[in-house]
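> Sequence order for the protein chains is P and B. For the first sequence, position 118 (counting from the first letter as 1) is numbered 144 according to my numbering, and the numbering increases by one without interruption. For the second sequence, position 117 (counting from the first letter as 1) is numbered 130 according to my numbering, and the numbering increases by one without interruption. Before I ask anything, here is the structure I am working with.
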Amino acid sequence: MNSSTLNIADQFWQPQLNRLLLRVASVIACILAWQWASSVHADFGLVTFQNVPSPKEALLAAGELIQSPKLITHLVASTSRVFGGFAAATVVGIGLGLVIGRSRWLEDVLLPPLEMLRPIPAVAWIPLAILMFPSSELSMVFITFIGALFPILLNTIHGVENVDARLIASARSLGSGRRAVFTEVILPAAAPGIVTGLSIGMGTAWFCLVTAEMISGQFGIGYYTWSSYVVQNYPEIIVGMLFIGVFGMGSSVLIKKIGNALMPWYLLQRKKT
Amino acid sequence: MSDTLQGRIDIDGLHIRLGQGKQAFEALHNVSISIEPGEFVCLLGPSGCGKSTLLGALAGHLQPSAGTVRVDGAPVQGPHPDRGLVFQQHTLFPWKRVLDNVAFGLKMKGVERAARLAQARELLKLVGLEGFEDSYPSQLSGGMQQRVEIARVLINHPRVMLMDEPFGALDAQTRLKMQELLLDVWSRVQTTIVFITHDIDEALFLADRILIMSPRPGRIIEEIRLDFARPRHAELMTSSEFTRLKRHCLALLHPEGKVIPLPLVTSATPRLQFAT
């Protein structure tokens, strides 16, 4: 009995393990290629590695940053800006998304101006952000807010508009009023879309961090990256980029995991189709 | 049984137009039906004949253009848990476990959790789904999903159960099982059933009375009373009387053995439209 269950477990884990190894190997191969290109100062014409710091230099710079007492200050400053902007975007994006998705009139009133703002890149908001917010901290939070808002908003609208009309009809036949239809059907049905929006929005909030922290300050991973460029500390730029990448991916995955834990039914449904 | 029975349906001079502008067409033309409390009526007709439209009007999802629809004397005004709906494709809430799906109607009535879950357990037993309380709908087979759907409607003690080809998507074996299950359940619950199908066997097997509808605009063209003894079992389908009636229905639905042309598919194909 026991050996057969073990066997099934083996069959399940073996391919999983192989895939994991493959993924790790791929990352290592990329780093080795980078190391080679930067150490021989490879010049491919279109792109050149002559001034690109090598992974080894970046590693040394990273070690320096990790040992520096400033690191924690940088991280606290950046995460609070990202999470502040993200939290505001969550409230505004989901709120607006729900009403826009449910009401054609509100869609006509609210969506056109939002659609006009959407293509404007975060960096173009810097001057306005400085003018609009007396505190530079708030203007930085505003930039990450702008970054996170649209993915959350659009995914919420999409989620609400795609609710199966038959589910609403059947809820009404079972005695649901307007309110109950909203809380019992529309919200849970739109939840997977909202979680996707939140996860993407978390990523784009980090994506805008360097832009936000160009505004001012002495701290923050984005500020660290930007100031390293200004004073030509090239390895530090890479370290800053890596930190942003790792934290952005980590918090994005975290959102997805929390969402999946709250919606076990969604994974089951997807596994089937 | 001494109380006045509930679930009487009176449809009088019902016309329904669907679509807008040039796309508008008459889906139902002067339909009048009376259904007794506790009766099992099958609406049989070719696709696109307005069967679903008729059911939509009964459910309260569609407004009549003319005529009246009454249940127990009261005009139908919008959906109500007294009139339960079951579709071909289940409409269970994928985010709720089976037990919570079944208990949903009671939640809407404000019944407290423990009480409504206890009742939901009883109904799951009735449809033979004990042990699946904690599953999610996507973990069940098509037949089981429809059983949950039926239990979810029955928990409201509906006067009328409206079923729109509920077993149409199931394989033949499961369908037969579900038909027997439905008859068994119906024999134990006091409710009127209006059941739509285009399957002649199904209609003959289930109904007290079959109403046959014409192609669009839908009208009732024939009424057949069935006196087969209940409880009914699958063997009934091989009896000579069953075959005779089947031949009769076939002749009505496919007159003179001609192949009926496929209904024109327009952008305004008569499907149930829901106010959302």
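Glycine residues also receive a C-beta, built at the ideal position from the N, C-alpha and C atoms.
At a Cβ threshold of 9 Å, is P/Ser129 touching chain B?
It does not: the Cβ of P/Ser129 has no partner Cβ on chain B nearer than 9 Å.
> Hey, is B/Met157's beta-carbon within less than 9 Å of any beta-carbon in chain P?
Cβ-Cβ to chain P under 9 Å: no for B/Met157.
> Roughly how many angstroms lie between the CA atoms of P/Asn44 and P/Ala51, to the nearest whole one?
Spanning the two alpha carbons is a distance of roughly 10 Å.
> Note the first and the last residue of the continuous alpha helix (DSSP H) segment covering P/His184.
It spans Ser162 to Glu187 - the alpha helix (DSSP H) in which P/His184 sits, taken as one unbroken run.
> Let me see if you follow: with CB-CB separation under 9 Å, is B/Met226 close to chain P or not?
Answer no: the Cβ-Cβ gap between B/Met226 and chain P never drops below 9 Å.
> Taking C-beta to C-beta, are B/Ser45 and B/Ile233 nearer than 9 Å?
Yes, they are a contact pair.
> According to DSSP, simplified to helix, strand and coil, what is B/Ala242?
Looking at B/Ala242 - three-state DSSP - the assignment turns out to be coil, as it is neither helix nor strand.
> Helix, strand or coil for P/Asn259, going by three-state DSSP, please let me know.
Coil.
> Considering only the beta carbon of each residue, do B/Asn114 and P/Gly201 sit closer than 9 Å?
No, the Cβ-Cβ distance between B/Asn114 and P/Gly201 is not below 9 Å.
> Does the distance from the CB of B/Leu239 to the CB of B/Leu217 come in under 9 Å?
Going by C-beta atoms, B/Leu239 is nearer than 9 Å to B/Leu217.
> Name the chain P residues that come within less than 8 Å of B/Ala79, Cβ to Cβ?
What B/Ala79 touches in chain P: nothing, since even the nearest Cβ is about 24 Å away.
> With B/His96 as the anchor, note down where its beta strand (DSSP E) starts and where it stops.
Residue 96 of chain B is actually Arg in this sequence, not His. Segment Arg96 to Val99, the beta strand (DSSP E) holding B/Arg96.
> Less than 9 Å between the beta carbons of P/Trp252 and P/Gly266, yes or no?
Contact flag set, yes.
> Given this structure, state the Cα-to-Cα distance separating B/Gln186 from B/Gly156, to the nearest angstrom.
Looking at the two C-alpha atoms, the distance is approximately 10 Å.
> Apart from the five residues just before and just after B/Ser213, which ones in its own chain have a Cβ nearer than 6 Å to its Cβ?
A small fix is needed here, since residue 213 of chain B is Ile in this sequence, not Ser. Closer than 6 Å at Cβ, skipping near neighbours: Lys259 and Cys262.
> Out of P/Leu91, P/Ile156, P/Val189 and P/Ser199, point me to the one whose CA is closest to P/Val211's CA.
Checked all of P/Leu91, P/Ile156, P/Val189 and P/Ser199; the closest Cα to P/Val211 is P/Val189.
> Between P/Met27 and chain B, is any beta-carbon pair separated by less than 9 Å?
Residue confidence for P/Met27 is low, a pLDDT of 44 falling below 50, so the modelled location carries little weight and cannot support an answer.
> In its own chain, which residues sit with a C-beta less than 6 Å from the C-beta of B/Pro59, not counting the 5 before and 5 after it?
Only Pro228 meet the Cβ criterion.
> Looking at the structure shown, is P/Asn44 part of a helix, part of a strand, or coil, going by DSSP?
Reduced to three states, the DSSP call for P/Asn44 is helix.
> Contact defined as beta carbons within less than 8 Å: I believe B/Ile209 pairs with B/Glu178. What is the distance between those atoms, to the nearest angstrom?
About 6 Å; that satisfies the 8 Å criterion.
> Look at the alpha carbon of B/Trp199 and the alpha carbon of B/Leu18, and state the distance between them as a whole number of angstroms.
Their backbone Cα atoms lie some 15 Å apart in a straight line.
> Is it true that the stretch 146-166 of chain P meets the stretch 214-229 of chain P, where meeting means three or more beta-carbon pairs spaced less than 8 Å apart?
Not touching, per the Cβ criterion.
> Which residues, in order along the stretch 97-114 of chain B, keep a beta-carbon less than 7 Å from a beta-carbon of chain P?
Listed in sequence order: Gly97, Leu98, Phe100, Thr104, Phe106, Pro107 and Trp108.
> Along the chain, where does the beta strand (DSSP E) containing B/Cys55 start, and where does it finish?
Counting along the chain, the beta strand (DSSP E) containing B/Cys55 begins and ends at Phe53 to Leu57.
> With DSSP collapsed to three states, give me the class of B/Glu290.
There is no way to answer for residue 290 of chain B, as the model of chain B reaches only from 14 to 289.
> Between P/Glu133 and the rest of its own chain, which residues show a CB-CB distance below 7 Å, the 5 nearest in sequence each way excluded?
Counting only Cβ-Cβ distances below 7 Å, and skipping sequence neighbours, we find Ile126.
> For the alpha helix (DSSP H) that B/Gly141 lies in, which residues bound it at each end?
Run containing B/Gly141: none; DSSP gives neither H nor E here.
> Nearest-angstrom Cα distance between P/Ala103 and P/Phe269?
Taking the straight line from one Cα to the other gives about 13 Å.
> Taking B/Ala164 as the reference, which of B/Gly26, B/Val54, B/His211 and B/Thr104 has the closest Cα?
The candidate whose alpha carbon is nearest that of B/Ala164 is B/Thr104.
> Would B/Ile24 be called buried (16 or more neighbouring beta carbons within 10 Å of its own) or exposed?
By the neighbour-count rule (16 or more Cβ atoms within 10 Å), B/Ile24 is buried.
> Could you tell me the distance, in whole angstroms, from the CA atom of P/Glu262 to the CA atom of P/Lys282?
So the two alpha carbons sit approximately 30 Å from each other.
> Under 9 Å between C-beta atoms, does B/Ser151 make it to chain P?
Chain P contact via Cβ: present.
> Taking 9 Å as the threshold (beta carbon to beta carbon), is B/Ser15 in contact with chain P?
Residue placement at B/Ser15 is flagged as unreliable, the pLDDT there being 40, under the threshold of 50; the coordinate-derived value follows with that caveat. It does not: the Cβ of B/Ser15 has no partner Cβ on chain P nearer than 9 Å.
> Quick one: is P/Ile178 buried, meaning 16 or more other Cβ sit within 10 Å of its Cβ, or exposed?
Burial call: buried.
> Give a yes or no on whether the minimum CB-CB distance between P/Gln61 and chain B is below 9 Å.
Cβ-Cβ to chain B under 9 Å: no for P/Gln61.
> Below 8 Å, how does it come out for the stretch 243-251 of chain P and the stretch 46-64 of chain P: are there three or more Cβ pairs, yes or no?
No, because fewer than three Cβ pairs between the stretch 243-251 of chain P and the stretch 46-64 of chain P fall closer than 8 Å, the two stretches do not touch.
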